[in-house]
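A.B. asks: I'd like to ask you about the structure that follows.
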Amino acid sequence: MKHFCPLLFLLGSLAALPAQSIFDSLYTVAGAEVYFDFGKSDLRPDASRTLDSVVAGIREDARSLRIRITAHTDSIGSPAANERLSKRRAETLRDDLIRRGLSGAAIEIVPYGERRPVASNATEEGRQQNRRATLDIVAAVPMASLSGQIKDRDSGKGVQSMLTFRSRTREDSTMTDSVGFYHVRLPKDSVVKITAVAPDYFFQTMTMRIFGSPELYKKYKLSPNIELPPAKAGETAVLRDLFFVGDQDILLRVSQPELPKILKFMQINPDLKVEIAGHINGPGLVMEAEPLWRQSLSERRAKLVYDYLLKNGIPAERMTYKGYMNTQMLFPQPKTAQEAEQNRRVEIRVTGKGE
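Reading the sequence shown from the start, the letters are residues 1 to 355 in the numbering used here.
Okay, here's the thing in structure tokens:
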């Protein structure tokens with residue numbers, strides 16, 4: 001039986017990276033809303049508290065930050081009068097931020113009058129929601145252009161895939177072309193998890209830093225290409241990013257994003273039947289002599305994944321789950337923490353295809 005690990009840390013000798021290009025993209029780093037009384041443009045006490053929080057959150061050295069103020073009104077009065085009122089509201093907000101030490105040159109105001117309501121003007125509650133100004137704090141983030149290809153691990157042919165890109169501050173997705181090529185822009189120097197999902201393949205995730213220099217990719221021998229193992233009967237994929245609280249079947253918060261990947265794999269492969277297999281690290285343990293909670297730990301961890309899939313619409317007849325305790329450790333005598341970690345795992349095993 002073969003094992004494939006969906007997490008690829010790109011530190012090995014891999015193919016050369018396509019040329020990179022760097023340019024800036026505006027990225028919203030924070031935002032806030034303040035509200036006004038009917039017909040007024042002066043700030044209310046609650047607005048002042050909101051602005052205190054906004055200014056406190058802006059780093060003094062963040063010279064690239066820009067603030068965009070959009071101001072609005074309800075629909076009472078003429079459109080022209082409301083346009084003027086929204087402009088006064090935006091100017092009041094701008095002037096207050098300047099008094100707090102922000103640069104006026106970094107602030108843009110956009111009055112919309114009554115043209116962009118967020119609620120119905122038929123009720124007082126809705127009109128109050130429309131008497132507002134929105135602050136968007138944006139930064140010019142250097143971006144790097146990244147290109148790569150998703151391939152069949154066995155044949156080397158390109159595979160059309162869905163890609164997700166997840167970093168600490170954002171998550172995006174895209175589709176490759178019909179032969180697996182993709183081209184995206186990602187924040188320079190960010191660490192991004194790139195996940196590829198395709199029908200008839202196990203999903204794969206790689207983690208890499210987005211450099212802006214082709215020379216750095218060559219130096220560290222990094223590649224944005226991903227090879228997908230075919231999901232055939234008898235094959236197994238280790239869900240390497242599923243981490244649990246020690247000796248419990250509680251998933252760590254950092255691993256929560258992994259469950260939707262498993263769900264997507266099951267959704268785009270509707271004919272596959274799988275076993276969800278749980279394992280623990282227990283070198284030398286005679287499991288029959290261990291407490292029942294330890295004997296059942298591997299099964300309970302597998303059941304956690306099973307229950308998540310079942311709750312999200314995957315039919316029970318497509319899945320089974322089983323705990324193997326310490327009977328199938330990849331490293332019967334682990335010598336490092338990494339080897340012990342690989343023994344503590346949950347796997348997806350393809351058991352067949354439905355009719």
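Glycine is no exception: its CB is placed at the ideal position from the N, C-alpha and C atoms. This one's a predicted model, so the numbers in the text were calculated from it and none came from an experiment.
Output yes or no for whether 9 Å exceeds the beta carbon distance between F36 and A133.
C.D. replies: Yes, the pair counts as a contact, with Cβ atoms nearer than the cut-off.
A.B. asks: Look at K193 and P142 and say whether their C-beta atoms are less than 9 Å apart.
C.D. replies: No, they are not a contact pair.
A.B. asks: So, with DSSP's three-state summary, where would you put I250?
C.D. replies: In the structure shown, I250 sits in coil (DSSP, three-state: anything other than H, G, I, E or B).
A.B. asks: What are the uninterrupted segments assigned as alpha helix (DSSP H) that are 4 or more residues long and contained completely in the region 187-267, given in chain order?
C.D. replies: Listed in chain order, they are 214-220.
A.B. asks: Which ranges would you report for the alpha helix (DSSP H) in the region 39-83 if only whole runs of at least 4 residues count?
C.D. replies: As far as the region 39-83 is concerned, its whole alpha helix (DSSP H) runs of at least 4 residues are 45-56.
A.B. asks: Mapping DSSP to helix, strand and coil, what is Q160?
C.D. replies: Note: Q160 maps to coil in three-state DSSP.
A.B. asks: Report buried or exposed for M206, applying the criterion of at least 16 other Cβ atoms within 10 angstroms of its Cβ.
C.D. replies: The residue in question, M206, is buried, as its Cβ has 16 or more Cβ neighbours within 10 Å.
A.B. asks: Could you check whether the region 320-340 touches the region 278-297, counting it as contact only if at least three pairs of C-beta atoms, one from each stretch, sit closer than 8 Å?
C.D. replies: Contact holds: three or more Cβ-Cβ distances are below 8 Å.
A.B. asks: In or out: S356 buried (at least 16 other Cβ within 10 Å) or exposed?
C.D. replies: An answer regarding residue 356 cannot be provided, because it is not within the stretch 1 to 355 covered by the chain.
A.B. asks: In whole angstroms, what is the alpha-carbon distance linking F93 and S167?
C.D. replies: A small fix is needed here, since residue 93 is Leu in this sequence, not Phe. So the alpha carbons of these two residues sit roughly 33 Å apart.
A.B. asks: When you compare only the Cα positions, how much space is there between A139 and R318?
C.D. replies: For A139 and R318, the distance between alpha carbons rounds to 47 Å.
A.B. asks: Shortest alpha-carbon distance to T73 belongs to which of R88, E114, L146, A80?
C.D. replies: Closest option to T73, Cα to Cα, is E114.
A.B. asks: Would you call V155 buried or exposed, if buried means 16 or more other Cβ atoms sit within 10 Å of its Cβ?
C.D. replies: Before going on, a small fix: residue 155 reads as Ser here, not Val. The residue in question, S155, is exposed, as its Cβ has fewer than 16 Cβ neighbours within 10 Å.
A.B. asks: Helix, strand or coil: which one does DSSP assign to A316?
C.D. replies: In this structure, A316 counts as helix in the three-state DSSP scheme.
A.B. asks: Under the rule that 16 or more other beta-carbon atoms within 10 Å means buried, what is H279, buried or exposed?
C.D. replies: H279 comes out buried.
A.B. asks: In or out: L17 buried (at least 16 other Cβ within 10 Å) or exposed?
C.D. replies: Unreliable positioning characterises L17 in this predicted model, as indicated by a pLDDT of 33, which lies under 50. A coordinate reading is not provided.
A.B. asks: Spell out a yes or no on whether the region 40-52 and the region 83-103 are touching, meaning 3 or more CB-CB pairs, one atom from each, closer than 8 Å.
C.D. replies: As far as the Cβ criterion goes, the region 40-52 touches the region 83-103, which means the pair count is three or higher.
A.B. asks: Between which residues of its own chain and E347 is the CB-CB distance below 6 Å, once the five residues before and five after are set aside?
C.D. replies: Here the set comprises T236, V238, A277.
A.B. asks: Going by DSSP in three states, A340 sits in which element: helix, strand or coil?
C.D. replies: Helix at A340.
A.B. asks: In the structure shown, what three-state DSSP assignment does K356 receive?
C.D. replies: In the structure as shown, the chain begins at 1 and stops at 355. Residue 356 is therefore absent and cannot be evaluated.
A.B. asks: Note the first and the last residue of the continuous beta strand (DSSP E) segment covering E288.
C.D. replies: Looking at the DSSP string, E288 is not in any beta strand (DSSP E), and its letter there is neither H nor E.
A.B. asks: Can you check DSSP and say which residues form a bridge with D152?
C.D. replies: Per DSSP, L228.
A.B. asks: Just how far apart, CA to CA, sit S145 and V191?
C.D. replies: Those two C-alpha atoms are separated by around 14 Å.
A.B. asks: Would you mind stating whether I98 and I69 have Cβ atoms separated by less than 9 Å?
C.D. replies: No, Cβ-Cβ distance for I98 and I69 is not below 9 Å.
A.B. asks: Could you check which residue in F265, F243, D247, M266 has the C-alpha nearest to that of Q256?
C.D. replies: With distances taken between Cα atoms, Q256 lies closest to F243.
A.B. asks: In terms of residue numbering, what span does the beta strand (DSSP E) encompassing R398 cover?
C.D. replies: Nothing about residue 398 can be reported from this structure: the residues present for the chain run from 1 to 355 only.
A.B. asks: What is the C-beta distance between Q149 and N225, in whole angstroms, given that I count them as a contact (C-beta under 8 Å)?
C.D. replies: Yes, Q149 and N225 are in contact; Cβ-Cβ is about 5 Å, under 8 Å.
A.B. asks: Could you check where the beta strand (DSSP E) with G357 kicks off and where it finishes?
C.D. replies: Residue coverage of the chain in this structure runs from 1 to 355, which leaves residue 357 outside it and unanswerable.
A.B. asks: Counting C-beta neighbours from all protein chains within 10 Å, is the total for L292 16 or more, i.e. buried, or is it exposed?
C.D. replies: By the neighbour-count rule (16 or more Cβ atoms within 10 Å), L292 is not buried but exposed.
A.B. asks: Taking the alpha carbon of S298 as the point to measure from, which residue in A316, R240, Y321, F202 has its own alpha carbon closest?
C.D. replies: Residue Y321 is the option with its Cα nearest to S298.
A.B. asks: What is the residue span of the beta strand (DSSP E) that V110 lies within?
C.D. replies: 107-111 is the extent of the beta strand (DSSP E) around V110.
A.B. asks: Given this structure, state the Cα-to-Cα distance separating A15 from V197, to the nearest angstrom.
C.D. replies: With a pLDDT of 31 at A15, under the threshold of 50, the modelled position of that residue is not reliable, and the figure given next carries that caveat. Computed Cα separation, rounded: 21 Å.
A.B. asks: Whole angstroms are fine: how far does the CA of D172 sit from the CA of A80?
C.D. replies: Each residue's alpha carbon lies about 40 Å from the other.
A.B. asks: Using a Cβ cut-off of 9 Å (strictly closer), state whether A233 contacts chain D.
C.D. replies: The structure shown has no chain D; it contains just one protein chain.
A.B. asks: Can you check which of these residues, V34, K232, L102, is closest to A71 by C-alpha distance?
C.D. replies: Taking only the C-alpha atoms, the option nearest A71 is V34.
A.B. asks: Have a look at D136 and L102 and give me their C-alpha separation to the nearest angstrom.
C.D. replies: Approximately 14 Å between the Cα atoms of the pair.
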